[in-house]
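In full-length UniProt numbering, the protein residues as written are 1 to 188. For every residue, glycine included, the Cβ atom is placed at its ideal position computed from N, Cα and C. Notes follow the structure.
Next up, the structure:
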């Protein structure tokens, strides 16, 4: 009896996964929901992860860039340290988009000094993310997303933040598992 139950459970899971392969990702009733990725990337790591998300989940993308580029790694560290010390928030070159047609907003960023880059959090604070599902993802060498989530909650207080993901180069990260979890969420 136990074996039969187990086989039925496995069969149900396989059928569910096969069904989802042919079902559009963001479908709620007869409506298709739209998603966008807002991201910033100095070295290209976050941009690569944003493109990977796009390959799995159909969505638009918008790269947010500072008015004055940060340069190489060492220049970036020195500049960010100075900005934090003097409480400077750099301007962005990217205009704030109209997000009214989007239900889900992926937010991708590198972790700088354990947090979201200041120019990017300031940009997000100007976006209308009220009552939208925000799915944050970050890239870093060794830092995690935890402090960034606190900042994100302050910047987007009326958003629904779900499925945070940090891609840390020094650890094994299950990007495919994270994306599968999001795809399986029927509330999106």
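Member of the options whose CA lies at the smallest distance from the CA of residue i
i	options	result
residue 54	68, 162, 104, 71	104
residue 140	72, 46, 175	46
residue 93	114, 119, 111	119
residue 61	76, 74, 99, 73	99
residue 131	162, 71, 82, 150	162
residue 38	146, 133, 174	133
residue 112	34, 77, 65	77
residue 34	106, 74, 91	106
residue 91	65, 176, 85	65
Distance, residue j Cα to residue i Cα
i	j	result
residue 96	residue 102	14 Å
residue 51	residue 123	21 Å
residue 126	residue 87	18 Å
residue 167	residue 148	13 Å
residue 109	residue 117	7 Å
residue 41	residue 63	8 Å
residue 153	residue 135	12 Å
residue 29	residue 159	Residue placement at residue 29 cannot be trusted, given a pLDDT of 46 that sits under 50; what the coordinates show is reported in the next sentence. One C-alpha to the other measures close to 22 Å.
residue 187	residue 179	15 Å
residue 184	residue 58	14 Å
residue 71	residue 79	9 Å
residue 115	residue 81	12 Å
residue 89	residue 143	22 Å
residue 56	residue 146	25 Å
residue 128	residue 49	24 Å
residue 165	residue 174	9 Å
residue 171	residue 177	15 Å
Endpoints, the alpha helix (DSSP H) within which residue i is located
i	result
residue 85	73-85
residue 46	45-56
Environment of residue i [buried if 16+ CB atoms lie within 10 Å]
i	result
residue 68	exposed
residue 36	buried
residue 138	buried
residue 121	buried
residue 194	Lying outside 1 to 188, the shown extent of the chain, residue 194 is not represented and no answer is given.
residue 150	exposed
residue 43	exposed
residue 157	exposed
residue 74	exposed
Beta strand (DSSP E) segment containing residue i, residue limits
i	result
residue 36	35-39
residue 61	60-63
Near the ligand NAP: residue i beta-carbon under 7 Å from a heavy atom
i	result
residue 158	Absence of the ligand NAP is noted for the structure shown, with no ligands found whatsoever.
- Item | Whole beta strand (DSSP E) elements within the stretch 99-187, 3-residue minimum | Runs of the beta strand (DSSP E) lying entirely within the stretch 99-187, each at least 3 residues long, are 104-110, 133-140, 165-168 in chain order.
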